[in-house]
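Here the structure is laid out as structure tokens; the discussion comes afterwards.
2 protein chains.
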Amino acid sequence: MPNTPALNKRDWIAGLEKGLRIIEAFSDTHPRLTASTAARRTGITRTATRRYLRTLEHLGYVESDGQYFWLTPRVLRLGWSYFDSAKIPRAVQPHLQRISLTLGGTAYFAVLDEDDVIFVSKDGSNKIQNIGYVLGSRVPANICSAGIAMLSCRTPDEIDTWLSKRKLVPYTAYTTTTEEGIREHINNARQKGYAILEQQMSQRVRGIAVPIRTREGHLTGAISVSLPMGNETSEAAVLRALPLLREAEYALLATF
Amino acid sequence: MPNTPALNKRDWIAGLEKGLRIIEAFSDTHPRLTASTAARRTGITRTATRRYLRTLEHLGYVESDGQYFWLTPRVLRLGWSYFDSAKIPRAVQPHLQRISLTLGGTAYFAVLDEDDVIFVSKDGSNKIQNIGYVLGSRVPANICSAGIAMLSCRTPDEIDTWLSKRKLVPYTAYTTTTEEGIREHINNARQKGYAILEQQMSQRVRGIAVPIRTREGHLTGAISVSLPMGNETSEAAVLRALPLLREAEYALLATF
DNA sequence: TTTCTTCTGCGCGATAATCGCGCACCAAAG
DNA sequence: CTTTGGTGCGCGATTATCGCGCAGAAGAAA
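Respectively, the protein sequence lines represent chains A and B. So the first sequence is numbered by numbering that gives the first Met the number 0: it starts at 0 and just counts up by one. So the second sequence is numbered by numbering that gives the first Met the number 0: it starts at 0 and just counts up by one.
Here it is in structure tokens:
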């Protein structure tokens, strides 16, 4: 938790915050926005919103037909700055490769942002799920093994606040939607050092994950693998997958 | 080319531009920046840079130990806003899946941003290359088949200006570094409707790509597939890959 | 046709947000 | 002990930003 380090109010650049808010106002339900709708979505006045959008347009981050505005792939530069500068996503790639090839599923490296899981790196053809997580996707931490693995590294207090903020919505008929259920998942993961979740997000899919820490014990993320459930028992799957995950865990421990 | 639509200078939000410039100042060679170094890299004064960084920190986009600043995965939200709002990256995914599974390589969907290629969607385990393109990567258009495929849709004038801006640096011993060579690639691609490039970026790797257009003929991107060269001839590879690529091309044509 | 509504586009005057100088301070290196 | 390179911050100047308010366009409804 990067607790806010006391910000002098003179050090606050309002314009930057608004601009970023406007970029984030675009989403799948609102892929194209007029200046007015963007204003409503962000709570900024229409005139100001328009000025920001036009600035973004001039910078190449959005395009416009005069009426509507939409994001261009250039905004990926911003995210790319992260991929580029964070060593972990790259260091982790060969491990994901080995895991996905050996186990025949899809391997991910995920991190926590606020209360959601973000999938940062991925390897493996997603033949099992018709979609799988797209890179950069953000999902609630409670419905993927990586999320549970990372939550299991937090203090009980932090988990309490997490639970209080979170609405538990079911994705499949098997999704755990009770607080106690989630707590049990987390406790299991803490005890065993890995998380296993089944059919929480998609039917017939099982996820197994281990948290990744620095040598100082600071949590940096989690490696997870999605496997089709087939006829394999949970135990067999763990037996098969865990050694590989652990190996990656230790290897990454050594490099940071 | 989204030509700048005459920006009233009062509609220019300087703060937003600076903030984004600072985010982009982080890179693999400079993953962690002090306020001073960030200032030097962006050309903004140190004091201002520091204020922007602290604002970003407060917003959760960067973290800091007091001295150094580094990006957090939250910046992925910005890129994600694009993935989320652009329908193409998602519509394209099932096709990439089929291509990578059938051909045994890695399939990409790429777009042009300015003069570079950005890889927007990807499917397939990259067993052939030890890295492959990471999602969001940006590479010069002349060294990947997707880039040539997209350039082949441009007017001769545009290609001229592209060539004049671009310095042709070799990545492998086989990289084409002459203007005529590039023009030949482009012309071939325009003629045949697909691009094929060999060992331009990595040894023993071949790329085949087709441009993707809307029904109105507007270029939206390209689908490409990276294949290990093995003992397969170029002709055999094209014969094998092209039908799948074409199929995806037509399918996507129909949906937009 | 008229009348609403909803959008853009822009000028303007007010003001508060942003700027960068300049100084104190700290730590590491020579 | 000096130099170098960094942070942190107060302050006064200024200019960048704000949002009101109006004109105009485009569409929908009556």
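Even for Gly, the Cβ is constructed at its ideal location relative to N, Cα and C. As the structure is a prediction and not an experimental result, all values here were calculated from the model.
Would you say residue i and residue j are within 9 Å of each other, going by their C-beta atoms?
| i | j | result |
| --- | --- | --- |
| I207 of chain B | E248 of chain B | no |
| W69 of chain A | G78 of chain B | no |
| Y60 of chain B | L58 of chain A | no |
| L15 of chain A | L102 of chain A | no |
| T41 of chain A | A24 of chain A | yes |
| L252 of chain B | R212 of chain B | yes |
| D112 of chain B | R76 of chain A | yes |
| A194 of chain B | P72 of chain A | no |
| V119 of chain B | P88 of chain B | yes |
| I21 of chain A | V74 of chain A | no |
| R53 of chain A | D10 of chain B | yes |
| R50 of chain B | L243 of chain B | no |
| T176 of chain A | V168 of chain A | yes |
Once the 5 residues before and after residue i are set aside, which same chain residues still bring their CB inside 6 Å of it?
| i | result |
| --- | --- |
| H94 of chain B | A247 |
| A145 of chain B | A109, V116, A208, A221 and S223 |
| L32 of chain A | F68 |
| D64 of chain A | none |
| I130 of chain A | Any reading at I130 of chain A is ruled out, since the residue's pLDDT is 48, under 50, leaving its predicted position unreliable. |
| A188 of chain A | I147, A148, S151 and A194 |
| S136 of chain B | F118 |
Just reading off the alpha helix (DSSP H) that residue i is part of, what are its end residues?
| i | result |
| --- | --- |
| G216 of chain B | From DSSP, G216 of chain B is part of no alpha helix (DSSP H); its letter is neither H nor E. |
| T41 of chain A | A34 to T41 |
| A292 of chain B | Because chain B here runs from 0 to 255, residue 292 of chain B falls outside it and cannot be looked at. |
| L196 of chain B | L196 of chain B -> not in any alpha helix (DSSP H); beta strand (DSSP E) instead, spanning A194 to E197. |
| F25 of chain B | F25 of chain B -> no alpha helix (DSSP H), and no H or E assigned at all. |
| D156 of chain B | P155 to K164 |
| D83 of chain B | L75 to S84 |
| I12 of chain B | Per DSSP, I12 of chain B belongs to no alpha helix (DSSP H) and is neither H nor E. |
| S144 of chain A | S144 to L150 |
| Y51 of chain B | R45 to L58 |
Taking 8 Å as the limit between beta carbons, can you name the residues of its chain near residue i, skipping five residues before and five after?
| i | result |
| --- | --- |
| D114 of chain A | P139, A140, W161, K164 and R165 |
| A250 of chain B | H94 |
| R182 of chain B | I158 and L162 |
| S233 of chain B | I195, E197 and R205 |
Please identify the residue among the options whose C-alpha is closest to the C-alpha of residue i.
| i | options | result |
| --- | --- | --- |
| L196 of chain B | B:I158, B:H217 and B:T171 | B:T171 |
| A109 of chain B | B:P210, B:G65, B:R203 and B:N230 | B:P210 |
| V204 of chain A | A:C143, A:Y60, A:Q92 and A:Y51 | A:C143 |
| Q190 of chain B | B:R9, B:R97 and B:I147 | B:I147 |
| E56 of chain A | A:V237, A:D10 and A:A34 | A:A34 |
| A174 of chain B | B:Q198, B:G192 and B:G216 | Strictly speaking, residue 174 of chain B in this sequence is Thr, with Ala absent from that position. Here the closest residue by C-alpha is B:Q198. |
| D27 of chain B | A:S233, A:S26 and A:A90 | A:A90 |
| G192 of chain A | A:T232, A:G180, A:V237 and A:E179 | A:V237 |
Quick one: what's got a C-beta closer than 7 Å to residue i's C-beta in the same chain, skipping five residues either side?
| i | result |
| --- | --- |
| G123 of chain A | S99, G104, T105 and A106 |
| L150 of chain A | A140, I158, W161 and I185 |
| P30 of chain B | W69 |
| R245 of chain B | V209 |
| L218 of chain B | M149, C152, P210 and R212 |
| F82 of chain A | P88 |
| Q92 of chain A | S120 and D122 |
| A38 of chain B | T44, R45 and T48 |
| Q66 of chain B | T33 |
| N2 of chain A | Any reading at N2 of chain A must be qualified, since the residue scores a pLDDT of 46, below 50, and its modelled position is unreliable; no value is offered. |
| R239 of chain B | L102 |
| G229 of chain B | none |
Tell me which residue opens and which closes the beta strand (DSSP E) that residue i is part of.
| i | result |
| --- | --- |
| S136 of chain A | Looking at the DSSP string, S136 of chain A is not in any beta strand (DSSP E), and its letter there is neither H nor E. |
| P210 of chain B | V204 to R212 |
| E62 of chain A | V61 to S63 |
| Y67 of chain B | Y67 to L70 |
| L111 of chain A | T105 to D112 |
| S120 of chain B | D115 to D122 |
*Which residues, taken in chain order from the segment 69 to 93 of chain A, show a beta carbon closer than 8 Å to some beta carbon of chain B?*
W69, L70, T71, P72, R73, V74, L75, R76, L77, G78, W79, S80, Y81, F82, D83, S84, A85, K86, P88, R89, Q92 and P93
*Which residues, taken in chain order from the segment 216 to 235 of chain A, show a beta carbon closer than 7 Å to some beta carbon of chain B?*
Per Cβ criterion, the list is empty.
*Quick one, which residues of the segment 25 to 51 of chain B are near chain A if we go by CB-CB under 8 Å, in chain order?*
F25, S26, D27, H29, P30, R31, R49, R50 and Y51
*Check each residue of the segment 95 to 124 of chain A: if its Cβ is closer than 7 Å to any Cβ of chain B, include it; give the result in chain order.*
Q96, S99, L100, V110, D112, I117, V119, D122, G123 and S124
*If contact means a Cβ-Cβ distance below 7 Å, which residues of the segment 156 to 170 of chain B contact chain A?*
Shown here is that no member of the segment 156 to 170 of chain B has a Cβ falling below 7 Å from a Cβ of chain A.
*What residues in the segment 51 to 64 of chain A have a beta carbon less than 8 Å from any beta carbon of chain B?*
Y51, R53, T54, L55, E56, H57, L58, G59, Y60, E62 and S63
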